[in-house]
Each structure stands twice: as structure tokens, then as C-alpha cells.
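In the numbering used here, the protein residues as written are 6 to 675.
Where is the CB? At the ideal position from N, CA and C, for every residue including glycine.
Just so it is clear, the structure is predicted and the values come from calculations on it, not from any experiment.
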Amino acid sequence: MPVIQLDNIRHSYKVGAGNLLVLKGINLSIDQGEFVAIMGPSGSGKSTLLQILGLLERPTEGRYLLMGKDVSRLSDDEGAALRSKTIGFIFQMFNLLSRTSALDNVLLPAIYAGQGIPHPRALGLLEDVGLSDRVHHKPNQLSGGQQQRVAIARSLINSPKIIFADEPTGNLASDQADEVLEKLSELNARGMTVIMVTHEPDIASYAERIIKIKDGLIQSDEKNPNPKHQLSKTQSAPNGAEKEIAVLSSPHVLPDLSWLEVKENASSAARAISANKTRSFLSVLGILIGVCSVIAMLAIGRGAQKSIEARISGLGSNLVMIWPFSSAAFHGGTGAVSRLTLEDMTAISHLSSHIIAVNGEVSGNEQVVYKNKNTNTEVNGDLPAYASMHSAEPYYGRFFTDEENNNIAQVAVLGQTVVNTLFGKNDPVGQQIKIKRISFKVIGILPPKGSSAWHDQDDLVVIPLKTAMMRLGLNGWSSLNSRGRYLQRMEVECDGPNSIDGVMAKIKAFLRARHHLPAYKDDDFTVRNMQDIQSALTGTTKTFGVLLGIVAAISILVGGIGIMNIMLVSVTERTREIGLRKAVGAPRRAILAQFLIESALLSLLGGTIGVLLGVGIAFVMTHFAGWAAIVSPQSVILAFGCSAIIGIIFGFWPARKASLLSPIEALRYE
Ligand code: ADP
Ligand code: MG
């Protein structure tokens, strides 16, 4: 049985609107162990014929039997599997992977055959072609002849049955050409079928049989009685033929993605990325900025939330708060405002037996002076109930009493920040400070509550409410011109969680009556308990989270497009490499995996730099700007996961484009 049998093979190329018929009916039969040269003038169809023989191209018409099996209509992947197991290809242009050592080039087909990495065999083959001292050289560090010898070693790595060589010496000087041809004769002598295309009679003279074609037809087919480099043939192993048949008749299952292949892909991706450092960096900039800002913003948001929670937890949970403006105004819109007076407060305190304490507050920003030091701080007028309601019993000194409030006493309790600014390490209790030129005696220091991004809770002074209203003229927001008459806020403490709703209802009814509100009008005041306030804040945090999510999604989308763009460029640039990988047996899946791994690696790189930068920003904020930024491990994992997934999603289209390239068209790509 012949190894190769062609029946009336015709092949035409699409050129423009028409078809160019290149092979016009080739009948040919080649036996196991022959050394055949195909000759003919340029353009006669030699390469086309060899590509059909090498399963790189499907004939338009006719039948091709390879070792008895019809292979004229194989799918791409079946062709790849068969090429990888039975065929070795040597090209005129060598087609080695650049930036890859001779050894790794030789190993490439073995990786796609999925049979492990036969290092010793590859080294043996390189030694065989006289390159044992050039194993780690890259193609650009080798001469043309050496490169072609690497290509020969590569074509042999999977122990093929047939070697196809298309003008293997076309790019070589004559002495180097002789080395290559002697190598081919030697392989043939060991039992391998060698089919070589050339247009030079001198080179064809190495073969035992010379087929001449012209204009797509066989013109002559003659034995060469005197091959130039004749070697005595050793008999091929007796069971060789049976093995070949076994290879061919087994279903063409492609090896699954192996760990070796992933490793090869990852290192080739790393080579590609590091060969274009600036370009790679610019292309991941989008992902980098997206991930970095998401991490930093989440950290700041979390920090803010924590500090708000801390502030709220400092308040008793049975508190009800009353503001003299409608809830629309409360939420920052325009709405009705009203007034809260001291008389209102007294009346409210008697509304229910469940009310155990009330507090009224006025507040203002004032200059506070001690000797030659001064600071601008928040001055609050409160009732003594403030201390227990806000867990603000002084840790040093004492709070003021009801008596002091009624007597309009000029006493003050200071927050830690004010103490630090005005007194440094000195004891403030008993000292006189001035607020609006009025003297106050310091009687205590409030317990520190900490600070958040936008608010230092210890930067305040608390004085008796009446003193604040009557001596300093502090007033509620809504009554700027009525000096010292109105409260800014009221707080009511209930005796337990169950009485809160009843107390709130009573306060509302009382204030509506007091303000003569007809039924159709909304409240011109706001009454809230701590649960309300807490859920309002969680609502804000959720909105913040959703906004963050949208920003993240947009920036990651933009980042992904950056990756896709560069991957498309990469695929185009490496079209020849893709062609070569396919020619030596890479199935579609392998090319897809290769470019997906590359884009995932690229975007993971961006993600990693982004995470580091984001964590760095959070760190700087916390330690130098005083913002509490808390990086959560989840946000880091999320960022990593997102960037890997983005790489795969946006890399898919370019990778698929690469995987669908036809090997021979890709190899011809300029
Ligand atoms: P040879 O190797 O004998 O020089 P080829 O087999 O490469 O010739 O090409 C045979 C003919 O087919 C030439 O005329 C060439 O222009 C044409 N040809 C080769 N490849 C293509 C292609 N991909 N598309 C269109 N025409 C092609
Ligand atoms: Mg050619």
C-alpha cells in the first residue's frame, strides 16, 4: 500500500471574483521510504501540492489517501491532530518562534501532541543536527543554516512518518544547503519518507525520484539512478507500518488542555508582554485605574461608615430627636421650617411619663481663646442630660449641673482636641478661657470619641444651654435674627424601646397643635428615633455602594476594551506565529487558550498593580490625611477576580479570531 495516493487532485484559489485553477488533475502515488523531489518553474503549483499533501490545505476536488485513509475532507482539528502525529514540515522561511530558544522550538509540536515534554529526545535531535552547543540560543542568534537545522529537529520531535520540505534550502548559502540536504538523505536512509519541493536541479539531485510539474500538471516522473548523497538504507522497523495504520484509524481525539500547554502559553504570554513593556502597561492602564479607584473608594466608604456607626453607637438607643424643620428640609430639599422654644421643651418633657430626660441644643462656631492660644471650634449649649444621652461623662473633672444652667453659669466642658490645642500638656480644669470675649471656667474634659474623614468629634466645647442662648446669643438655624430664643434641636430619652413610638406620636400631635397645622399640611418639624436615623444612614451607604458599583463597572468596561484592543493588535502581529503553531499541530482550542491566557495575564497584571496602588492610597489617606480608610479583603479578591474575568471576556474575541485562522494563510501573512 502506498503512503500517499492522489487521485485527480484539482485545486483552485479564489482571486477577486474568479477562481484560479492551480492544480489541474494530479495523479500520484508515493511509497513508504521514498525520497521524492517535486520540481517545476515558479508558480507551477509545487507549494500548493505540498500543502495539500501536508494537510495544510484541502484540495478543491479529488481524493487523497494517506496510508489508505481518505483525508481529503478532514476538519481543521482532525488535520491538526494528524499533522502532529504523522507529519513533519520544514519551510523555506524556517518559521521558528522568535524570542524562544532552539530547545523550546523543537519541543513545541510535542506540547500540542500532549505527550509530555521529551527533553532528552529534543536534546538528542539537536545533537543529531549538530547543534548541541546552541540549545539555548534564540533564532536571531543562529545562522540561517542553523535555524533550518533547528526546524529539521522540530519536524522530527513527534517521530513523524513523512517529512515535507518546501524549498528547505531556498534561503541558504550552498554549503549550508548541503548540510541540510545531507541531513534529509540521512533521515530517508533511516526509513523516513521525504518529499521535497525545489526548483533547482542541483538540489533535486539528492532525491531518488524526481517529479516535474508544469502549469498544474505532472510533466514527468522519473527515477534518479544516482542520488547525490546515497546512503545504504536500513530497513524500517518491521512493525512500523502496523503502527502507522493504528495511528490513522484511531479516532482523532485531540489531547485536552494540559498543564504543560498552560505553562508554555503562560511563558509565551509573559515573553510577548515583556517584549512590549510600554505598550502592555498602557493597555492595562484602564483596568489598573479602575481597580485602584474601586479599592480606594471602597476603603474610604467603609471607613466613613465605620465612623458613622461609632458616632451613633455613642448615643443611647432610646433617644428621640426633634428638629424644627420638615423632613423635606431635613433631607436637604426645601420645606417648611418652624421654631422650637424653651417652652416647647418644657411642655414636651411633661407629655408622657415614659419620658425620663430631655435635652435642647443650640450650636455655633466660635473663637475660643486661652492666654495667647486660640482655636475655632463648635460651641454647643446643652442641658446636663447631654452627658448621659451622649455617653459623655467627663473622664476628668465634671459636667455642669441643672443649677449652673439655671444660673446661667459661665462654665465649659472641653473636647480633647480643644484641650490639646489650647493647653497642650497642662491641666485645663480650673483655668479661664474666653468665648466671644466672655470668660468661662473649664470644669471638665469630655471622653475622646475619635474623628472621621469629615468630622472631628472631639473638636467641641459644651456649655450650659441657657448660658449659650443668653450670654452668647446662640440660636436655632431657622431663627437667625431672633437672638437667643430658639432651639436648634431637641432630644428626648424614653424609658425603654417599647415606649418610643407612643412618645413620638404624642410629640407630633403636640407640635402640630402648637403650630396650628391643618390636617392637609405636612409636619413642619421632624421627629426621628435612632432606628430611623440608622436606617437612613445605611440607605445612604447603599446608594453610595451602588454608585461605586456603576463607576467600577464603567472603568472596568473601558479597561476591558483597552485589553481587547491590544489583543487584536497582538493577534495580527503574530499571525505567522499562529500559522506556525497550527502547522505543527496546534488545534483551535490550543490557540484560543493561548490568547485567553495572554489576555487574562495582562489584565491580572493591571489588576495587581491597581490593587497595590489602591491599598497604597488607602494607607496614605489613613496615615497622612487622617481619613479612616479600611481595605477589606473581599474588595481585593473582587478586584482580582474581576480583572481576570475581564481579561478572559474581552480577550475572547481576539483569541477566537486567532484560532480560526487557516494555518497556511496565516503563514503566508505579510
Ligand atoms: P510554486 O510553489 O510552484 O511557485 P505555488 O503553489 O505557490 O507555486 O502557487 C501556484 C499559483 O497559485 C501561483 O500562480 C500563485 O500566484 C497562485 N497562488 C498561490 N497561493 C495563492 C493564494 N493564497 N491565493 C491566490 N493565488 C495563489
Ligand atoms: Mg513555492
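Item to check | Ranges of the beta strand (DSSP E) found wholly within the stretch 79-157, counting only runs of at least 3 | outcome: As far as the stretch 79-157 is concerned, its whole beta strand (DSSP E) runs of at least 3 residues are 92-95.
Checklist entry - Quick one: complete beta strand (DSSP E) runs, 3+ long, within the stretch 618-651? => result none
Checklist entry - the ligand ADP heavy atoms versus the CB of L25: any closer than 7 angstroms? => result yes
Next on the checklist: Closest to V27 by C-alpha separation, out of S80, Y18, I168, would be which residue?
Outcome noted: Y18
Next on the checklist: Given the structure, does D171 come close to the ligand MG, in the sense that its CB is under 7 angstroms from one of the ligand's heavy atoms?
Outcome noted: yes
Checklist entry - Could you give the distance in angstroms between the alpha-carbon of I571 and the alpha-carbon of S285? => result 8 angstroms
Checklist entry - How long is the line joining the alpha carbons of N24 and P64, rounded to whole angstroms? => result 14 angstroms
Checklist entry - Hey, is K51 close to the ligand MG, as in C-beta under 7 angstroms from one of its heavy atoms? => result yes
Item to check | Presumed contact (8 angstroms Cβ cut-off) between L492 and E366, rounded CB distance | outcome: Yes, L492 and E366 are in contact; Cβ-Cβ is about 7 angstroms, under 8 angstroms.
Item to check | Identity of the residues DSSP links to Q437 by a beta bridge | outcome: K446
Checklist entry - Beta carbon of Y18: closer than 7 angstroms to some heavy atom of the ligand ADP? => result yes
Item to check | Limits of the unbroken beta strand (DSSP E) element including D23 | outcome: Residue 23 is actually Gly in this sequence, not Asp. Per DSSP, G23 belongs to the beta strand (DSSP E) from 23-35.
Item to check | Secondary structure, alpha helix (DSSP H): runs of 4+ residues fully inside the stretch 202-246 | outcome: 206-209
Next on the checklist: Considering only their Cβ atoms, is the gap separating R214 from N231 smaller than 8 angstroms?
Outcome noted: no
Checklist entry - Is the Cβ-Cβ distance between S354 and H520 less than 8 angstroms? => result no
Checklist entry - If you run the structure through DSSP and keep just helix, strand and coil, what is P659? => result In the structure shown, P659 sits in a helix (DSSP, three-state: H, G or I).
Checklist entry - Is there at least one non-hydrogen atom of the ligand ADP closer than 7 angstroms to the beta-carbon of G554? => result no
Item to check | Inter-residue CB distance, E496 and M302 (contact presumed, cutoff 8 angstroms) | outcome: About 34 angstroms separates the two Cβ atoms, so there is no contact after all.
Checklist entry - Is there contact here, the stretch 578-587 with the stretch 137-157, by at least three beta-carbon pairs under 8 angstroms? => result no
Checklist entry - How many angstroms separate the CA atom of L130 from the CA atom of K143? => result 17 angstroms
Checklist entry - Looking at C-beta atoms only, is the number of pairs between the stretch 302-312 and the stretch 512-519 that lie closer than 8 angstroms three or more? => result no
Checklist entry - DSSP puts L70 in a beta bridge; with which residues? => result Q10, D75
Item to check | At least 3 beta-carbon pairs within less than 8 angstroms: the stretch 624-633 vs the stretch 552-559 | outcome: no
Checklist entry - Nearest CA to the CA of K188: which residue from G67, A557, L236, N176? => result L236
Next on the checklist: By alpha-carbon positions, which one of D500, T91, P399 ends up nearest to V466?
Outcome noted: P399
Next on the checklist: Helix, strand or coil, according to DSSP, for Q667 in the structure here?
Outcome noted: The question names Gln, yet the displayed sequence has Ser at residue 667. Three-state DSSP puts S667 in coil, outside helix and strand.
Checklist entry - Are the beta-carbon atoms of I162 and P114 separated by less than 8 angstroms? => result yes
Checklist entry - Going straight from the alpha carbon of G544 to that of M535, what length do you get? => result Spanning the two alpha carbons is a distance of roughly 14 angstroms.
Checklist entry - For K511, which of helix, strand or coil comes out of DSSP? => result helix
Checklist entry - Where in the stretch 374-424 do unbroken runs of the alpha helix (DSSP H), each at least 4 residues long, occur, reported from the N-terminal end onward? => result 390-394, 407-411
Checklist entry - F645: which of V185, L606, L665, P46 sits nearest, CA to CA? => result When each option's Cα is compared against that of F645, the closest is L606.
Item to check | Close-in-space but distant-in-sequence residues of the same chain around G175 (CB under 7 angstroms, 5 per side omitted) | outcome: In its chain, beyond the 5 residues on either side, Q97 have a beta carbon closer than 7 angstroms to the beta carbon of G175.
Checklist entry - Can you list, in chain order, the residues of its chain whose CB lies under 6 angstroms from that of I369, leaving out five sequence neighbours each side? => result The residue asked about is misnamed: residue 369 is Gly in this sequence, not Ile. So the list reads V384, L479, once near-sequence residues are dropped.
Next on the checklist: My assumption, with CB atoms under 8 angstroms, is that I468 sits in contact with V416. Please give the rounded CB distance.
Outcome noted: So it is a contact: roughly 7 angstroms between Cβ atoms.
Next on the checklist: Buried or exposed for Y401, going by 16 or more other Cβ atoms inside 10 Å?
Outcome noted: Y401 comes out exposed.
Item to check | Alpha carbon of L192 to alpha carbon of I566, nearest angstrom | outcome: 50 angstroms
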